[in-house]
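Asker: Numbering (the working numbering), first residue to last: 7 to 319.
Built from N, CA and C at the ideal position, the CB exists for glycine as well.
The structure displayed is predicted, hence computed values, not measured ones.
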Ligand code: RIB
Ligand code: CA
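#1: Return the CA-CA distance between residue 291 and residue 182, expressed in angstroms with no decimal places.
#2: Quick one: give me the first and last residue of the beta strand (DSSP E) that residue 266 is part of.
#3: For ligand 1, is there any heavy atom lying closer than 8 Å to the beta carbon of residue 168?
#4: For residue 279, which of 80, 10, 24 has the nearest alpha-carbon?
#5: Using 8 Å as the cut-off, classify the Cβ of residue 250 as near or not near the heavy atoms of ligand 3, replying yes or no.
#6: Could you please give the first and the last residue of the uninterrupted beta strand (DSSP E) stretch that includes residue 115?
#7: Just to check, is the beta-carbon of residue 158 closer than 8 Å to a non-hydrogen atom of ligand 2?
#8: Residue 298 bridges to which residues according to DSSP?
#9: Sorry if obvious, but does the Cβ on residue 55 come closer than 8 Å to a heavy atom of ligand 1?
#10: Is any heavy atom of ligand 2 found at a distance shorter than 8 Å from the C-beta of residue 78?
#11: Determine, using beta-carbon pairs with one atom in the region 297 to 313 and one in the region 208 to 218, whether at least three such pairs fall under 8 Å.
#12: Contact between the region 136 to 156 and the region 105 to 123 is defined here as three or more beta-carbon pairs at a separation below 8 Å; is this criterion met?
#13: For a test of the three-state rule: what should DSSP assign to residue 320, helix, strand or coil?
#14: Pull up the distance between the alpha-carbon of residue 272 and that of residue 224, whole angstroms please.
#15: Just how far apart, CA to CA, sit residue 189 and residue 218?
#16: Here's the rule: buried if 16 or more other CB atoms are within 10 angstroms of the residue's CB, otherwise exposed. What is residue 170?
#17: By the three-class DSSP mapping on this structure, what secondary structure does residue 290 have?
#18: Does DSSP put residue 71 in a helix, in a strand, or in coil?
#19: Report yes if the C-beta of residue 16 is less than 8 Å from at least one heavy atom of ligand 2; otherwise report no.
#20: Which residues in the same chain have their Cβ closer than 6 Å to the Cβ of residue 221, if we skip the five residues on either side of it in sequence?
#21: Assign residue 7 to buried or exposed, taking buried as 16 or more other Cβ atoms, counted over all protein chains shown, within 10 Å of its Cβ.
#22: Rounding to the nearest angstrom, what Cα-Cα distance links residue 106 and residue 228 in this structure?
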């Protein structure tokens with residue numbers, strides 16, 4: 007079976023970096039490109055970090071593009087309090103030799119979807135949805151060509167992590183999320199309801215560190231830094247690995263369960279801006295538009311992730 011073609015849209019971010027490594031370590035996937043968006047840190051840093059991570063993987067034939075530097079309608083909100091000043095605190099990677107592509111990320115997304123066979127490309131957004139929404143607005147013809155959008159974002163039972171009501175990726179650009187959730191493209195949503203169950207406990211952290219390769223060392227360092235926020239806030243047993251759950255879903259969907267439900271995005275209220283209003287209990291007649299995941303086989307997820315990271319340099 008030929009590898010599944012994906013584009014990773016990302017705001018690295020330590021957990022984004024782990025997701026990118028997982029994808030590049032998995033022969034079932036063909037990463038057509040990595041597109042950076044402003045989010046955890048400004049675009050200049052997310053695009054630099056994306057280059058560093060792709061270079062760390064050794065797959066330097068994978069192109070990296072810079073995309074939108076600010077949300078559609080709001081000023082940029084970043085998350086240095088979680089990810090550190092560089093966005094990749096916890097491991098020092100060298101300045102990358104891998105160049106940034108000239109083409110804008112949005113143009114790459116549009117061009118790729120128009121060039122590849124319809125229904126053959128999956129988009130994996132791991133940050134604010136600005137690039138994806140901009141592509142859909144600029145080229146509505148690409149919507150039916152997208153096989154699936156598998157994104158990390160939102161929450162229902164876990165409510166918010168950046169405000170009491172909203173998860174960060176959706177909060178940063180709710181207008182973009184609204185465009186994506188109304189696009190009609192098949193959506194699979196890895197929300198905080200799932201990612202908060204994917205905690206890097208001490209044994210799991212030790213398994214990364216024991217891999218003995220550069221990838222394992224970097225991941226152990228990133229996670230060791232990144233977990234501070236969640237451990238302090240939630241008292242959790244380690245930090246949640248949000249973004250790699252999207253890639254793990256592509257590799258083994260049986261690791262997850264969820265419901266096909268209606269999810270709408272709050273864009274009008276300053277109080278609940280970016281809230282994902284998920285009709286988990288089917289109390290409205292709004293049409294289902296997303297497969298909203300609720301559970302994860304965490305031991306299976308970490309087994310898959312650790313095995314794949316072992317295959318990297
Ligand atoms: O809320 C978690 C999400 O926001 C993750 O994608 C993390 O990288 C940040 O982008
Ligand atoms: Ca992210």
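Answerer: Answer, in terms of the structure:
#1: The straight-line gap from Cα to Cα measures roughly 24 Å.
#2: Judged by DSSP secondary structure, residue 266 falls within the beta strand (DSSP E) whose first and last residues are 262 to 267.
#3: Yes, ligand 1 has a heavy atom inside 8 Å of this Cβ.
#4: The shortest Cα separation from residue 279 among 80, 10, 24 belongs to 80.
#5: This structure does not include ligand 3; its bound ligands are ligand 1 and ligand 2.
#6: From DSSP, residue 115 is part of no beta strand (DSSP E) but of the alpha helix (DSSP H) over 111 to 121.
#7: True, at least one ligand heavy atom lies under 8 Å from that Cβ.
#8: 195, 265.
#9: Remark: the shortest separation between the CB of residue 55 and any heavy atom of ligand 1 does not fall under 8 Å.
#10: Incorrect: residue 78 has no Cβ contact closer than 8 Å to ligand 2.
#11: Contact holds: three or more Cβ-Cβ distances are below 8 Å.
#12: Pairwise C-beta distances place the region 136 to 156 in contact with the region 105 to 123, as three or more of them are shorter than 8 Å.
#13: Summary: the structure shown does not reach residue 320, with the chain confined to residues 7 through 319, and so no result is reported for it.
#14: Approximately 37 Å, taken between the alpha carbons.
#15: The C-alpha of residue 189 lies about 44 Å from the C-alpha of residue 218.
#16: Burial call: exposed.
#17: Shown here, residue 290 sits in coil according to DSSP, grouped into three states, outside any helix or strand.
#18: DSSP places residue 71 in strand when its eight states are reduced to three.
#19: It does: the Cβ of residue 16 is within 8 Å (strictly closer) of some heavy atom of ligand 2.
#20: Sequence-distant Cβ neighbours of residue 221 in its own chain, meaning closer than 6 Å and more than five residues away, are 27, 315, 318.
#21: Its Cβ having fewer than 16 others within 10 Å, residue 7 is exposed.
#22: Distance between the alpha carbons of residue 106 and residue 228 is about 23 Å.
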